[in-house]
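Worksheet: one structure, shown below.
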Amino acid sequence: MNLSPVVIAIPMYFILMAIEMIALRFQKHPGYRLNDAITNINCGVISQVTGVFIKVLSIGIYVLIYEHLALFHIPNNFWTFLLLFFLYDFCYYWAHRMSHEINLFWGGHVVHHSSEEYNLSVALRQSSTQTIWTFFFYFPLAILGFDPVMLVLASGINLLYQFWIHTEAIGRMGFLEKFMNTPSHHRVHHGRNPKYIDKNHAGTFIIFDKWFGTFQEEEETPTYGITSPVKSWNPVWVNLAHYASMKKELKMIPNWSDRLKYLFYKPGWLPEYLGGYRAPQEIESDYKKFDTVVPPSMNWYVFTQYIFILLLTGFFLFKVDSFTWLPKVLVSTIIIWTTVSFSGVFEKRSWYLPQEVARILAFLALVFFLIQSLLPLPILVGLLSLYGLVSFFWLWKNQQLKSQIHSISL
Numbered sequence: 100m101n102l103s104p105v106v107i108a109i110p111m112y113f114i115l116m117a118i119e120m121i122a123l124r125f126q127k128h129p130g131y132r133l134n135d136a137i138t139n140i141n142c143g144v145i146s147q148v149t150g151v152f153i154k155v156l157s158i159g160i161y162v163l164i165y166e167h168l169a170l171f172h173i174p175n176n177f178w179t180f181l182l183l184f185f186l187y188d189f190c191y192y193w194a195h196r197m198s199h200e201i202n203l204f205w206g207g208h209v210v211h212h213s214s215e216e217y218n219l220s221v222a223l224r225q226s227s228t229q230t231i232w233t234f235f236f237y238f239p240l241a242i243l244g245f246d247p248v249m250l251v252l253a254s255g256i257n258l259l260y261q262f263w264i265h266t267e268a269i270g271r272m273g274f275l276e277k278f279m280n281t282p283s284h285h286r287v288h289h290g291r292n293p294k295y296i297d298k299n300h301a302g303t304f305i306i307f308d309k310w311f312g313t314f315q316e317e318e319e320t321p322t323y324g325i326t327s328p329v330k331s332w333n334p335v336w337v338n339l340a341h342y343a344s345m346k347k348e349l350k351m352i353p354n355w356s357d358r359l360k361y362l363f364y365k366p367g368w369l370p371e372y373l374g375g376y377r378a379p380q381e382i383e384s385d386y387k388k389f390d391t392v393v394p395p396s397m398n399w400y401v402f403t404q405y406i407f408i409l410l411l412t413g414f415f416l417f418k419v420d421s422f423t424w425l426p427k428v429l430v431s432t433i434i435i436w437t438t439v440s441f442s443g444v445f446e447k448r449s450w451y452l453p454q455e456v457a458r459i460l461a462f463l464a465l466v467f468f469l470i471q472s473l474l475p476l477p478i479l480v481g482l483l484s485l486y487g488l489v490s491f492f493w494l495w496k497n498q499q500l501k502s503q504i505h506s507i508s509l
């Protein structure tokens with residue numbers, strides 16, 4: 100069983116999001132949009148699924164350094180864990196700061212900033228590639244001799260702490276604002292207003308920003324998102340959009356020295372002969388959030404289907420250590436496929452219907468393969484058949500509704 104604090108806390112995430120929705124409703128704050136919230140969670144789902152493969156690299160190298168290069172072997176106890184947690188957050192600050200200040204690294208972090216909302220679901224909007232650019236920032240902890248198991252625990256708790264600060268339902272927090280990261284401090288970090296960009300990189304302790312000159316108090320309400328909105332609900336594209344933009348701009352740069360600078364200088368940098376650094380601009384007066392509208396029946400369809408894919412994802416993450424490579428690849432594929440399929444529904448893509456039918460059939464086959472030994476065969480076949488028939492009927496009814504609307508409009 101996977102005992103990662105992040106995985107264990109999955110049910111609590113959704114309970115807290117439900118509480119936040121209720122609180123925002125009382126505050127008469129819109130708070131959530133279904134398409135945005137599901138995209139946020141989809142990014143988190145893909146991050147966790149791909150992390151099953153990528154974290155083997157990062158944790159594996161940390162273990163090798165710890166076993167062969169550690170200067171000490173620090174004992175595991177309450178006090179050394181507190182020290183590790185503080186030092187981990189120090190390393191996190193620099194990994195996070197460099198993820199904003201180095202263009203290539205920003206490609207692994209921009210995903211988290213690309214939502215134009217700010218609520219607890221945004222905390223789950225995590226990148227699938229960020230680990231590639233940041234895992235080595237924690238190697239000094241291995242050299243000092245901190246146990247890899249304790250590092251994973253500190254990492255998980257640090258990430259859990261950052262979940263609750265992604266909200267507008269909580270205002271200023273008095274004395275805590277002086278040394279802890281809070282919702283107010285982190286709202287600044289997610290703002291695309293020029294004065295807020297690249298500020299408040301802290302994970303848990305805001306003191307690092309105050310020490311190293313990157314602290315900014317929350318003043319006017321931030322406008323959330325990134326300076327070049329991704330304008331898509333597709334979590335795979337959200338993960339790849341910045342790299343695609345980099346590829347396009349690299350082709351414009353003729354010499355290798357400037358290409359190298361482009362990779363490692365700040366996002367927005369270009370050589371002078373191509374216009375130079377593109378500084379963040381003030382928010383446009385006609386700025387509107389990216390949005391799409393689908394029939395309410397399809398919102399409910401996605402929401403209902405999403406419950407099933409989250410159950411599969413939870414089952415996969417909790418039992419991942421008992422899976423062989425083939426089930427890992429198959430489950431990961433169907434989960435990622437599903438997240439892309441839902442984006443097709445939200446964006447009203449022409450391809451959504453045939454591939455959604457194919458996805459349901461693949462989902463049924465995979466679930467049968469995974470749990471055929473857990474239920475009597477007639478019950479399992481009956482339940483899966485019911486799921487498939489209801490899903491296909493729902494899609495058919497939506498197509499009928501679309502045809503009627505199209506006929507009326509003509």
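Take 100 as the starting number for the sequence shown in this note's numbering and just add one per residue. Quick reminder that beta carbons are idealized off the backbone N, C-alpha and C, glycines included.
Cβ shell of residue i (< 6 Å), same chain only, five flanking positions each side left out
| i | result |
| --- | --- |
| I173 | T179, G244 and F245 |
| N134 | W332 and F445 |
| V151 | V419 |
| T233 | A194 |
| L509 | Bear in mind that the predicted position of L509 carries a pLDDT of just 47, short of 50, making it too unreliable to give a figure here. |
| P543 | Here the chain covers residues 100 to 509 and nothing more, so residue 543 does not appear. |
| I175 | Looking at the sequence itself, residue 175 is Asn, so the reference to Ile does not match. These residues qualify, in order along the chain: D246 and M249. |
Beta-carbon proximity list for residue i, same chain, < 7 Å, skipping 5 on both sides
| i | result |
| --- | --- |
| M351 | L373 |
| P370 | I352 and D357 |
| A108 | L259 |
| H285 | I264, H265 and N299 |
Nearest-angstrom beta carbon gap, residue j and residue i [assumed within contact, 8 Å]
| i | j | result |
| --- | --- | --- |
| M345 | I305 | So it is not a contact: roughly 31 Å between Cβ atoms. |
| G270 | S283 | 7 Å |
| I164 | A241 | 4 Å |
| E455 | L494 | 6 Å |
| K294 | T230 | That belief does not hold up - the Cβ atoms of K294 and T230 are roughly 30 Å apart, past 8 Å. |
| L349 | Y364 | The Cβ separation is near 13 Å, so there is no contact. |
| T313 | N299 | 7 Å |
| L223 | Y405 | With a Cβ gap of about 13 Å, L223 and Y405 do not count as contacting. |
Spatially closest choice to residue i from the options, by CA coordinates
| i | options | result |
| --- | --- | --- |
| Y217 | A136, F307, N354 and G302 | A136 |
| E446 | K427, M120 and W332 | W332 |
| T320 | I296, V287, T326 and K347 | V287 |
| T228 | L219, T149, F238 and F171 | T149 |
| G143 | Q225, G255 and E200 | Q225 |
| Y237 | I158, A464, E215 and S490 | I158 |
| K277 | K294, F417, D308 and F441 | D308 |
| Y386 | K330, S431 and V428 | K330 |
| Y400 | G481, K496 and W263 | K496 |
| A301 | F262, L223, L250 and Q380 | F262 |
| V393 | T423, K427, L168 and R448 | R448 |
| V106 | F491, I408, G255 and Q499 | G255 |
| T138 | P426, N338, T432 and P475 | N338 |
Reduced DSSP secondary structure (H/G/I, E/B, other) of residue i
| i | result |
| --- | --- |
| Y323 | strand |
| M51 | Examination of residue 51 is not possible in this model, given that the chain is present from 100 through 509 alone. |
| F314 | coil |
| L509 | Note that L509 scores 47 on pLDDT, short of 50, meaning its location in the model is unreliable; the coordinates nonetheless yield the value given after this. L509 falls in the coil class under three-state DSSP. |
| F304 | strand |
| G143 | helix |
| G207 | helix |
| G567 | The structure shown does not extend to residue 567, since the chain is modelled only from 100 to 509, so the question has no answer here. |
| G244 | coil |
| G290 | strand |
| Y345 | Per the sequence shown, the amino acid found at residue 345 is Met instead of Tyr. In the structure shown, M345 sits in a helix (DSSP, three-state: H, G or I). |
| N333 | coil |
| I153 | helix |
| K350 | helix |
| A61 | Past the edges of the chain, shown from 100 to 509, lies residue 61, and the structure says nothing about it. |
| P328 | coil |
| F171 | coil |
| P475 | coil |
| Q225 | coil |
| Y217 | coil |
| P395 | helix |
| R458 | helix |
| E527 | Residue coverage of the chain in this structure runs from 100 to 509, which leaves residue 527 outside it and unanswerable. |
| D357 | helix |
| D188 | helix |
| G481 | helix |
| S442 | helix |
| K298 | coil |
Spatial neighbours of residue i in its chain, beta-carbon cut-off 8 Å, leaving aside the 5 residues before and after
| i | result |
| --- | --- |
| W205 | S198, H199, H341 and P366 |
| E119 | G130, N218, L219, T266 and A268 |
| I325 | V209, H212, S213 and R291 |
| D390 | R132 and N134 |
| V466 | L411 and L483 |
| I470 | L479 |
| F318 | The sequence given here has Glu at residue 318, not Phe. Answer for E318: K294, listed in chain order. |
| F171 | L243 and G244 |
Please go through the region 103-135 and give each complete alpha helix (DSSP H) segment of 4 or more residues, from N-terminal end onward. As far as the region 103-135 is concerned, its whole alpha helix (DSSP H) runs of at least 4 residues are 104-107 and 109-125.
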